[in-house]
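Asks: Below is a structure I'd like to ask you about.
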Amino acid sequence: MQTFKKMFDNFLNAIVKISSTKALVALKDGFVLTMPITLIGSLFLLLANLPINGYGKFMENTFGANWNIGLNQVAGATFDILALITVIGIAYFYAKNENEDGISSAIIALVSFLVISASSTATESGELVGGVIPKTWTGAQGVITAIIIGLISGAVFTYFVKKKITIKMPKGVPDGVANSFAALIPGLVIILGSMIVYQVIKISFDSTLTELIFKGLQIPLQNLSDSFVGGLVITLLISLLFWAGLHGPNIVMGVMAPILTANAVANNTLLQSGKLSVAEGAHIMTPQVIDNFVKFGGTGITLGLLIAALIAAKSNQMKSISKLSVVPGIFNINEPVIFGLPIVYNPFMLVPFILVPIMGLIITYGAIAIGILTPFTGVQIPWTTPPIISGFILGGFSGAIIQAIILVLSVLIYLPFMKKQDKVLVENEAKSAELIS
Amino acid sequence: MRKIILMCNAGMSTSILVGKVREAAKNMGYDCTIDAYPVNEAEERAKDADIVLLGPQVRFEQKRIQAKLDCPVSIIDMAAYGMVNGKKVLEDIKKELGD
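These protein sequence lines map, in sequence, to chains A and B.
Numbered by the working numbering, the letters in the first sequence go through residues 1 to 437 in order.
Numbered by the working numbering, the letters in the second sequence go through residues 1001 to 1099 in order.
Structure below.
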């Protein structure tokens, strides 16, 4: 037991150490910038593709064949520049977290990303059109490249500025002017490096770095994350970390969000061509599976525990904590029950806290795999949206029903463990009452 | 007047606590402002704060946040956080600040 505890502590320390490295902090902070854009894009994408039979036909008959061009234009200007926002955000925060000029770092990284990416696109007949920035590579398919470029460019920029390898201005020159000169040398180095990479890859492989990384790294990563085992590892880690009192979703999704988002946005393309199914190659594991089906009501689906406690708890502590926690729980916030019951390092709660989300994953993954639930797309909703409502918006009636089933099962799984804990609490309360009297 | 900032991952769960701490401050007649924000807004929000308190679930951010701020950055007691015990949290704050 002692050695096990030591191993677990080492494991936690390692995870915390890794997730607080400069690179991962910049990745987490930077990718968050894409959230408002994808949420807004989602709204327009949702309106263009409501999950109701006959909706498209109805709109076409009412408003004409062009009814959705505006909606699709917005979806195209949000999801399709996911990589651009990512590269800007990561390079910005890399420099800013080191107290350097974030904007200059971001602009240089953006230019670097454009230098190493394609600047021409082929028409259907194979004719090359130059002088464009193809959205193929500025959207989800360029995300991993954007992360790599954002980190390297941000790191090089910060290194140069910190080491004062910059053009120095005499005293009295305004800060803004001095800053614009400070960015010149690091910018030149980064962009020259990007140019060399572009030219070498173009000449030797007739390709671009963005395309090579997409094929060689991003697709394997996406496939790995898309497997059931991938989903299981994500789910397990989130629960285990929160059981140790650490914000699991923050740590795990900080790394996984870009990849899972790329899965979801790849599904958009299938949605728009009307072929959104697993058989056509749609991805199953998307952020919505984790956020809205595996950890609704808070990590561990503790909403189930609260309902079980409201039904059957006898101890004062269990009763008061469940009353206190149930409203935040409906909005997927569960810190009160995690730290108040507590669930943290509580041996009674370890098993259900891990088991329930896995149950949620198995049901959701299975439902998507056999086609009961349509794979999720770029349509995302704020994580505080209550269950059943979130299921309905994301997956229509099947989505709502599947969430309801998971919720009922989570109550049933938590119930015996809650009772065991409750019994201990009742005994303790009786003991302390005796002491007082 | 003291400026107290609570921070967690998204500023959501600490915002539940904020109301209770404000209530406790009112009852004790303690002159302060108390607000909750996401932990990645530390620099903007807490530059002139007297104390920053982190939710226990983001305690691994303590070192990083402390490096950016001059005021003390401490972790909220787990039990007080879970039970939304505003009084206990405020008492800890007063002790830390020596008020």
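For every residue, glycine included, the Cβ atom is placed at its ideal position computed from N, Cα and C.
The model shown is predicted, which means the values in this text are computed figures rather than measured ones.
1. Taking 8 Å as the cut-off, decide whether the C-beta atoms of residue 211 of chain A and residue 109 of chain A are in contact.
2. So which of B/1049, B/1013 and B/1056 has the shortest CA-CA distance to residue 1001 of chain B?
3. Would you list the one or two residues that DSSP bridges to residue 1037 of chain B?
4. Do residue 278 of chain A and residue 369 of chain A count as a contact pair if the criterion is CB distance below 8 Å?
5. Hey, quick one: how far does the beta strand (DSSP E) through residue 121 of chain A stretch, first residue to last?
6. By DSSP, does residue 129 of chain A sit in helix, in strand, or in coil?
7. Sort B/1026, B/1090, B/1060 and B/1082 by Cα distance to residue 1051 of chain B and report the nearest one.
8. Please name the residue in B/1043, B/1013, B/1019 and B/1064 whose C-alpha comes closest to that of residue 1033 of chain B.
9. Report all residues from its chain with a CB closer than 7 Å to the CB of residue 1062 of chain B; omit the five preceding and five following residues, and keep chain order.
10. Does the pairing of the region 81-97 of chain A with the region 25-36 of chain A give three or more beta-carbon distances under 8 Å?
11. Does the Cβ of residue 131 of chain A have 16 or more other Cβ atoms within 10 Å, making it buried, or fewer, making it exposed?
12. Considering only the beta carbon of each residue, do residue 247 of chain A and residue 1021 of chain B sit closer than 8 Å?
13. State the beta-bridge partners of residue 1053 of chain B as determined by DSSP.
14. Taking residue 215 of chain A and residue 312 of chain A to be in contact with their CB atoms under 8 Å, please state how far apart those CB atoms are, rounded to whole angstroms.
15. With C-beta atoms as the reference, is residue 260 of chain A less than 8 Å away from residue 286 of chain A?
16. From what residue to what residue does the alpha helix (DSSP H) around residue 149 of chain A run?
17. Given that a residue counts as buried once 16 or more other Cβ atoms are within 10 Å of its Cβ, and exposed if not, what is residue 113 of chain A?
18. What separation, rounded to the nearest whole angstrom, lies between the Cα atoms of residue 1005 of chain B and residue 319 of chain A?
19. Establish whether the CB of residue 1007 of chain B and some CB of chain A are separated by less than 8 Å.
20. Mind pulling the alpha helix (DSSP H) runs of 4 or more residues that sit fully within the region 16-102 of chain A?
21. Apart from the five residues on each side of it in sequence, which residues of its chain come closer than 6 Å, Cβ to Cβ, to residue 953 of chain B?
22. Would you give the residue range spanned by the alpha helix (DSSP H) that residue 267 of chain A belongs to?
23. Going by beta carbon distance, what residues of the same chain come within less than 7 Å of residue 409 of chain A, once the five residues before and after it are set aside?
24. Strictly below 8 Å CB to CB, what residues from chain B border residue 340 of chain A?
25. Whose Cβ in chain B lies nearer than 9 Å to the Cβ of residue 438 of chain A?
26. How would you label residue 1056 of chain B, buried or exposed, when you count the other beta carbons within 10 angstroms and need 16 or more for buried?
27. Determine, using beta carbons only, whether residue 333 of chain A comes closer than 8 Å to chain B.
28. Spell out whether any CB of chain B is found under 8 Å from the CB atom of residue 344 of chain A.
29. Would you say residue 1056 of chain B reaches chain A, if we count a Cβ-Cβ gap shorter than 8 Å as a contact?
30. From which residue to which residue does the alpha helix (DSSP H) around residue 417 of chain A run?
31. Less than 8 Å between the beta carbons of residue 139 of chain A and residue 82 of chain A, yes or no?
32. Return the CA-CA distance between residue 1007 of chain B and residue 334 of chain A, expressed in angstroms with no decimal places.
33. Using a beta-carbon distance cut-off of less than 9 Å, what residues from the region 19-39 of chain A approach chain B?
34. Alpha carbon to alpha carbon, how far is residue 293 of chain A from residue 361 of chain A? Give it in angstroms, no decimals.
Replies: Quick look at the numbers:
1. For the purposes of this step, residue 211 of chain A is taken as residue 211 along the first sequence, with counting starting at 1. For the purposes of this step, residue 109 of chain A is taken as residue 109 along the first sequence, with counting starting at 1. No, Cβ-Cβ distance for residue 211 of chain A and residue 109 of chain A is not below 8 Å.
2. In the second sequence, residue 1001 of chain B corresponds to position 1, counting from 1. Nearest option by C-alpha distance: B/1049.
3. Position 37 of the second sequence, counted from the first residue, corresponds to residue 1037 of chain B. According to DSSP, which records beta bridges pairwise, residue 1037 of chain B is partnered with B/1007.
4. Residue numbering aside, residue 369 of chain A sits at position 369 when the first sequence is read from its first letter. Residue numbering aside, residue 278 of chain A sits at position 278 when the first sequence is read from its first letter. Yes.
5. Here the question's residue 121 of chain A lines up with position 121 in the first sequence. Note, residue 121 of chain A: beta strand (DSSP E), 120-122.
6. The residue you call residue 129 of chain A lines up with position 129 of the first sequence. DSSP places residue 129 of chain A in strand when its eight states are reduced to three.
7. The residue labelled residue 1051 of chain B in the question sits at position 51 within the second sequence. Of the candidates B/1026, B/1090, B/1060 and B/1082, the one whose C-alpha sits nearest the C-alpha of residue 1051 of chain B is B/1090.
8. To locate residue 1033 of chain B, count along the second sequence from 1; it is residue 33. It is B/1019.
9. As a working note, residue 1062 of chain B is residue 62 in the second sequence. Within the same chain, residue 1062 of chain B has close Cβ partners 1054, 1073 and 1075.
10. yes
11. Against the first sequence, residue 131 of chain A aligns to sequence position 131. Result: exposed.
12. In the first sequence, counting from the first residue as 1, residue 247 of chain A sits at position 247. In the second sequence, counting from the first residue as 1, residue 1021 of chain B sits at position 21. Cβ distance not < 8 Å, so residue 247 of chain A and residue 1021 of chain B don't count as in contact.
13. What you label residue 1053 of chain B is simply residue 53 of the second sequence in a count that begins at 1. DSSP, once it has assigned bridges, lists B/1006 and B/1074 as partnering residue 1053 of chain B.
14. As a first step, residue 215 of chain A is located in the first sequence; it is residue number 215 there, counting from the start. As a first step, residue 312 of chain A is located in the first sequence; it is residue number 312 there, counting from the start. Actually they are not in contact, since the Cβ atoms of residue 215 of chain A and residue 312 of chain A sit about 55 Å apart, beyond 8 Å.
15. Here residue 260 of chain A refers to the residue found at position 260 when the first sequence is read from its first residue. Here residue 286 of chain A refers to the residue found at position 286 when the first sequence is read from its first residue. Closer than 8 Å, so yes.
16. For the purposes of this step, residue 149 of chain A is identified with residue 149 of the first sequence, where counting begins at 1. Residues 143-162.
17. Here residue 113 of chain A corresponds to residue number 113 of the first sequence, with the count starting at 1. Residue 113 of chain A should be labelled buried.
18. Residue numbering aside, residue 1005 of chain B sits at position 5 when the second sequence is read from its first letter. Residue numbering aside, residue 319 of chain A sits at position 319 when the first sequence is read from its first letter. Taking the straight line joining both Cα atoms gives about 30 Å.
19. Here residue 1007 of chain B corresponds to residue number 7 of the second sequence, with the count starting at 1. So no, residue 1007 of chain B is outside the interface.
20. 22-32, 34-48, 55-63, 69-78 and 82-96
21. Lying outside 1001 to 1099, the shown extent of chain B, residue 953 of chain B is not represented and no answer is given.
22. In the first sequence, counting from the first residue as 1, residue 267 of chain A sits at position 267. Segment 248-272, the alpha helix (DSSP H) holding residue 267 of chain A.
23. Counting from 1 along the first sequence, the entry for residue 409 of chain A is found at position 409. Excluding positions up to five away in sequence, the list reads 359.
24. The residue you call residue 340 of chain A lines up with position 340 of the first sequence. Chain B residues near residue 340 of chain A: 1079, 1081, 1082, 1083 and 1084.
25. Since the first residue shown for chain A is 1 and the last is 437, residue 438 of chain A is missing from the structure and cannot be characterised.
26. Here the question's residue 1056 of chain B lines up with position 56 in the second sequence. Under this definition residue 1056 of chain B is a buried residue.
27. Position 333 of the first sequence, counted from the start, is the residue given in the question as residue 333 of chain A. Yes, residue 333 of chain A lies at the interface with chain B (some Cβ there is under 8 Å from its Cβ).
28. Residue numbering aside, residue 344 of chain A sits at position 344 when the first sequence is read from its first letter. It does; some Cβ of chain B falls within 8 Å.
29. Along the second sequence, read from residue 1 onward, the residue named residue 1056 of chain B stands at position 56. Yes, residue 1056 of chain B lies at the interface with chain A (some Cβ there is under 8 Å from its Cβ).
30. The sequence position of residue 417 of chain A within the first sequence is 417, counting from 1. Here the alpha helix (DSSP H) through residue 417 of chain A covers 389-436.
31. Taking the first sequence and counting its residues from 1, the one referred to as residue 139 of chain A is at position 139. Taking the first sequence and counting its residues from 1, the one referred to as residue 82 of chain A is at position 82. Yes, Cβ-Cβ distance for residue 139 of chain A and residue 82 of chain A is below 8 Å.
32. As a position in the second sequence, residue 1007 of chain B is number 7, starting the count at 1. As a position in the first sequence, residue 334 of chain A is number 334, starting the count at 1. Whole-angstrom Cα-Cα distance: 16 Å.
33. 19, 20, 25, 28, 29 and 32
34. Walking along the first sequence from the start, residue 361 of chain A turns up at place 361. Walking along the first sequence from the start, residue 293 of chain A turns up at place 293. Going by the C-alpha atoms only, they are around 7 Å apart.
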